[in-house]
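All residue numbers for the sequence shown refer to the numbering used here, where the first residue is 1 and numbers rise by one.
We put the CB at the ideal spot given by N, CA and C, even for glycine.
Note that the coordinates shown come from a computational prediction; the quantities given were computed from them, not determined experimentally.
Written out below as structure tokens is the structure these notes cover.
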Amino acid sequence: MKIYPLYSNSSLFACAGGELNTIHVMDSQGQHCNRAVLYPYRDWRLVEKIHPNGEGTEYTALDVKGNVISGDTLVKLYKSFEKGHRLANFAGVQIVCQYTKTGELQGAKNASGFGWQWFKEEPAASSSSSGPTPPSVSDDTKKVGELTEELKKAKEEIAKKDQLINKQRNEIAAKDKEIDARSKDLEAQNKAVHDKDEEMKKKEEEIRKGAQDLDAAKNKIEELNVRLKRCEDEIAKKDDEIRERNEDLAESRSKIVELAAIIDKYVEDMAEKNEELESKDEKIKDLEAIIIKDEEEANRYKQELQAKNNKIEELEAIIKDGEKEAAQKIEELEEKNNKIEELEALVKKCKEDAAQKVQELEAIINKGEKDDAQKVQDLEEKNKKIEGLEAIIKEREAEIAEKNHELDAKEGKIEELIVVINKKDDEIAAMKNQGSRPTVSPIVTTLPTAEGLSGGLLVEEIVTNSKDVKIAISLKIDLVKDEKSTNNIMQEKIDFMEQESKQKDEAISELKKVINDRDKAIQKQSEELAKLIAQQSSNSMAPTQEPVMLDDIVSTLLIEKVQMKKQLDEARKERDAMGQQLEQKIEELNAKDEEMTKKDAELEAKNKHMIEAEEAMKKKLDEEIGKMKEELKNKEEEVKEKDKEIVDQVTKLEADKKLIDQKEKMIKKKDRQIKKQTNKVKVKIEQLGIAKAKIVKLRNALKEFSALDEDEDVDDDEDDEEEDEDN
Numbered sequence: 001m002k003i004y005p006l007y008s009n010s011s012l013f014a015c016a017g018g019e020l021n022t023i024h025v026m027d028s029q030g031q032h033c034n035r036a037v038l039y040p041y042r043d044w045r046l047v048e049k050i051h052p053n054g055e056g057t058e059y060t061a062l063d064v065k066g067n068v069i070s071g072d073t074l075v076k077l078y079k080s081f082e083k084g085h086r087l088a089n090f091a092g093v094q095i096v097c098q099y100t101k102t103g104e105l106q107g108a109k110n111a112s113g114f115g116w117q118w119f120k121e122e123p124a125a126s127s128s129s130s131g132p133t134p135p136s137v138s139d140d141t142k143k144v145g146e147l148t149e150e151l152k153k154a155k156e157e158i159a160k161k162d163q164l165i166n167k168q169r170n171e172i173a174a175k176d177k178e179i180d181a182r183s184k185d186l187e188a189q190n191k192a193v194h195d196k197d198e199e200m201k202k203k204e205e206e207i208r209k210g211a212q213d214l215d216a217a218k219n220k221i222e223e224l225n226v227r228l229k230r231c232e233d234e235i236a237k238k239d240d241e242i243r244e245r246n247e248d249l250a251e252s253r254s255k256i257v258e259l260a261a262i263i264d265k266y267v268e269d270m271a272e273k274n275e276e277l278e279s280k281d282e283k284i285k286d287l288e289a290i291i292i293k294d295e296e297e298a299n300r301y302k303q304e305l306q307a308k309n310n311k312i313e314e315l316e317a318i319i320k321d322g323e324k325e326a327a328q329k330i331e332e333l334e335e336k337n338n339k340i341e342e343l344e345a346l347v348k349k350c351k352e353d354a355a356q357k358v359q360e361l362e363a364i365i366n367k368g369e370k371d372d373a374q375k376v377q378d379l380e381e382k383n384k385k386i387e388g389l390e391a392i393i394k395e396r397e398a399e400i401a402e403k404n405h406e407l408d409a410k411e412g413k414i415e416e417l418i419v420v421i422n423k424k425d426d427e428i429a430a431m432k433n434q435g436s437r438p439t440v441s442p443i444v445t446t447l448p449t450a451e452g453l454s455g456g457l458l459v460e461e462i463v464t465n466s467k468d469v470k471i472a473i474s475l476k477i478d479l480v481k482d483e484k485s486t487n488n489i490m491q492e493k494i495d496f497m498e499q500e501s502k503q504k505d506e507a508i509s510e511l512k513k514v515i516n517d518r519d520k521a522i523q524k525q526s527e528e529l530a531k532l533i534a535q536q537s538s539n540s541m542a543p544t545q546e547p548v549m550l551d552d553i554v555s556t557l558l559i560e561k562v563q564m565k566k567q568l569d570e571a572r573k574e575r576d577a578m579g580q581q582l583e584q585k586i587e588e589l590n591a592k593d594e595e596m597t598k599k600d601a602e603l604e605a606k607n608k609h610m611i612e613a614e615e616a617m618k619k620k621l622d623e624e625i626g627k628m629k630e631e632l633k634n635k636e637e638e639v640k641e642k643d644k645e646i647v648d649q650v651t652k653l654e655a656d657k658k659l660i661d662q663k664e665k666m667i668k669k670k671d672r673q674i675k676k677q678t679n680k681v682k683v684k685i686e687q688l689g690i691a692k693a694k695i696v697k698l699r700n701a702l703k704e705f706s707a708l709d710e711d712e713d714v715d716d717d718e719d720d721e722e723e724d725e726d727n
């Protein structure tokens, strides 16, 4: 684009550009002033400025560099302004043209006020080629007068014709010159026509090529039409696919809506569950606080029960010590029995000795009074032996008294143990009574193990009937499925503890009976020994009755000893049986506890599995929903991409159609131009033919005139013929 200043001393500028050379007049600030049209010429430009108020149009002439051209220079350069007019005088630089409302030029003046000077081109004088017909000279002789008159007339006419011929010759010479010029022009035109023929041939080749291109374009158009049909078919198929996909999308959207409804419902259910869980969490917190308090109380109870268990263990240790002491006492009693047996043996010996003495005394009595002194000595020795036996018996009685005192102390301890066991029974009864309360009451019991009564297994259970505590049991503890199983287990354990306490009471009572029986037996033995000693001391003077009393006492003592051994064996067997039963029950309880722990572990595993399954289902649902959403997005993107591809193909086809239409228009335009050029060439050829015909007519006329003047102007005719031939 070029910028032309409208005036040398003005701030208006014209920007020229485009095919129509339309310019825009702008001021120095870049604002549009008026519309202006730029007329391109060879080496200068004319700027037309139309006033918006209808005053007229201003023209400014500028050179190539944009400088204003003066009027004299413009007159030389400016040759044609309007049709049929030429600019004769151009005084000023700025020209104002006045136009009518219909757009016709009314007048024009320059900036100085001088008017235009217009002139029309004068038409050239047309020469008539048709002249008078030369007279024909006949062979018939006529009258001389007529001939002379005719000759005179002919001479006059010849003179006139000579004048005319001279004129015509001059005209012919001028026309020859014009013909020469025209021939040159025709040669140039022929050359131009030849060039144009070559150009036409080239253009024909181009047209042929264009026709081939057109055929190729038509074939291409046909191919494109075929492709277009295919594309249309594909588009129809794709439309069907899109419709099917839209149906699938609609179905999937409906499914998504259903899933969304399900998810919303699930979310609502989960929200409700969350609310319930929150309320449960609050209740659990309350229950946890209660449980913490109960645990504190349970810990306190545990400590108390631990102290009680320690006391019980101490008592059990005391009982074991008592059992050991009882065993020792039994051993001591066995030793005493052995000693009694020894005493019995001594008594037997004494009896035998007494019998011998009696026999001896009888012999002495029979012999007489000789042996009285000997008998007295023997009796004194016997009394000494009896006194020794009495001392031994007193020592044994002191030992038995000490053992009785120790047994009394053991009985006191056993009574204290019985009191503790009764307290424990009361606590078990209280635990039974507390089992139906709605509040959580932890009960700590001590179960005997296989090791004996010294150790125990602490089991903590929670017994409740309220719903809140059931929730706490199901959520917090998760030990059992329902409350009945816990109550049954607690009842079984309480029954077991009651049976255990009963068995302990029975064992203690049996031990007491055994100890009492033993004490009674020892007392009886001591009494019988005392009686025996008394009888022996009282009956020392009556030896005939002594053997009978000793035999009875020994037999009774032996019978009682056998009975006591049997009772001790039975007590030991019962104790062993009770220990085995206790061990079996403890093993059963341990097995039940292991089963309960296994069931609890299974329940916890099931709960974990259920929670994991729920979480997995949630994750799976979320993943499936996400996948479906991604598939929908991908399908929508594919549909969009296919739509874009279809639109691009359609736009390409439209662009190809437009290009083909443009090419067809260009080809048609070229055909029109070629037709116009051929028509122009035909017109010029016709004009040349007309000119040639005129030349032939002129030659024929010259030949006729030359035939008339053969005799007079032979040389001239020859020259004319030569000139004609040259022409």
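For residue j and residue i, the rounded distance between their alpha carbons
| i | j | result |
| --- | --- | --- |
| Glu506 | Asp600 | 37 angstroms |
| Lys293 | Gln303 | 15 angstroms |
| Ile207 | Asp643 | 40 angstroms |
| Leu249 | Val257 | 11 angstroms |
| Glu623 | Lys633 | 15 angstroms |
| Leu621 | Ala591 | 43 angstroms |
| Glu334 | Ala327 | 10 angstroms |
| Lys663 | Arg672 | 14 angstroms |
| Glu275 | Lys265 | 15 angstroms |
| Val639 | Lys627 | 18 angstroms |
| Val37 | Val68 | Annotation note: pLDDT 41 at Val37 (below 50); position unreliable, coordinate value reported separately. For Val37 and Val68, the distance between alpha carbons rounds to 16 angstroms. |
| Ala398 | Glu332 | 14 angstroms |
| Val683 | Asp197 | 14 angstroms |
| Glu146 | Lys153 | 10 angstroms |
| Gln593 | Asp269 | The sequence shown places Asp at residue 593, not Gln. If you take the alpha carbons of Asp593 and Asp269, they lie about 38 angstroms apart. |
| Leu698 | Lys175 | 11 angstroms |
| Lys285 | Ile312 | 37 angstroms |
| Glu352 | Gln584 | 57 angstroms |
| Ala271 | Ala613 | 19 angstroms |
| Leu164 | Asn170 | 9 angstroms |
| Lys669 | Val681 | 18 angstroms |
| Glu734 | Glu395 | Past the boundaries of the shown model lies residue 734; the chain is included only from 1 to 727, so the question cannot be answered. |
Residue burial classification, residue i (beta-carbon count within 10 angstroms, cutoff 16)
| i | result |
| --- | --- |
| Ile586 | buried |
| Ser80 | Since pLDDT at Ser80 reaches only 37, below the 50 mark, its modelled position is unreliable, and no value is offered. |
| Leu277 | exposed |
| Leu659 | exposed |
| Ile400 | buried |
| Lys618 | exposed |
| Lys732 | The question about residue 732 has no answer, for the chain in this structure spans 1 to 727. |
| Lys608 | exposed |
| Ile392 | exposed |
Beta-carbon gap between residue i and residue j smaller than 8 angstroms
| i | j | result |
| --- | --- | --- |
| Lys629 | Arg245 | no |
| Glu381 | Glu325 | no |
| Lys203 | Ile667 | no |
| Lys238 | Ile611 | no |
| Gln677 | Met200 | yes |
Cβ of residue i within 8 angstroms of any chain B Cβ
| i | result |
| --- | --- |
| Lys513 | The structure shown has no chain B; it contains just one protein chain. |
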